[in-house]
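With the working numbering applied, the sequence shown corresponds to residues 175 to 306, in that order. One structure below.
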Amino acid sequence: MLADLVHTRFCGHTKGFPCGAGVRAAAPDTPDGDDPESGIALKTRTKVKKPSMYRVLMLNDDYTPMEFVIHVLERFFDKSHEEATEIMLNVHNRGVGVCGIYTFEIAETKVGQVMASARRAQHPLQCTLEKE
175 MLADLVHTRF
185 CGHTKGFPCG
195 AGVRAAAPDT
205 PDGDDPESGI
215 ALKTRTKVKK
225 PSMYRVLMLN
235 DDYTPMEFVI
245 HVLERFFDKS
255 HEEATEIMLN
265 VHNRGVGVCG
275 IYTFEIAETK
285 VGQVMASARR
295 AQHPLQCTLE
305 KE
């Protein structure tokens, strides 16, 4: 009897109903979801969406030395010498190579770093990004 009274007081339903019965959704007129009628504070959950990912692509040209491309991949994309060489060969043979996949802000920063480094070294190397 006392357990029923305590249960009813905290859950907001009467004897004979399963726990949670009669609990309503967040009251539309209260911004925080509190329902003053039932005495139940409801918390709104926001769904977190994964950020879109972007490929950073390096484009082939006939003037930028292969060694410079390898240097850029090691410096800005944290690639080992072997990984950088493999990507550089893809760029050379296929015309384009994927340097990495990142969120937009990081991809944009890396493209800017590569382009600035290439300009300082007076190379026409091109780097871009595309949504995955």
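Ideal placement from N, C-alpha and C gives every residue a C-beta, glycine not left out.
Within a Cβ cutoff of 6 Å, which residues of the same chain sit near Lys-284, ignoring the five residues on either side of it in sequence? Val-230, Phe-250
Please state whether the Cβ-Cβ distance between Gln-300 and Met-240 is less than 9 Å. no
Could you tell me how far apart the beta carbons of Phe-278 and Tyr-237 are, in whole angstroms, since I believe they sit closer than 8 Å? With 8 Å as the limit, Phe-278 and Tyr-237 do not qualify as a contact, their Cβ atoms being about 29 Å apart.
Which residue's Cα is closest to the Cα of Met-170: Asn-267, Glu-304, Val-243? No answer is possible for residue 170: it lies beyond the span of the chain, which begins at 175 and ends at 306.
Compute the Euclidean distance between the alpha carbons of Gln-296 and Gln-287, then round it to the nearest angstrom. 14 Å
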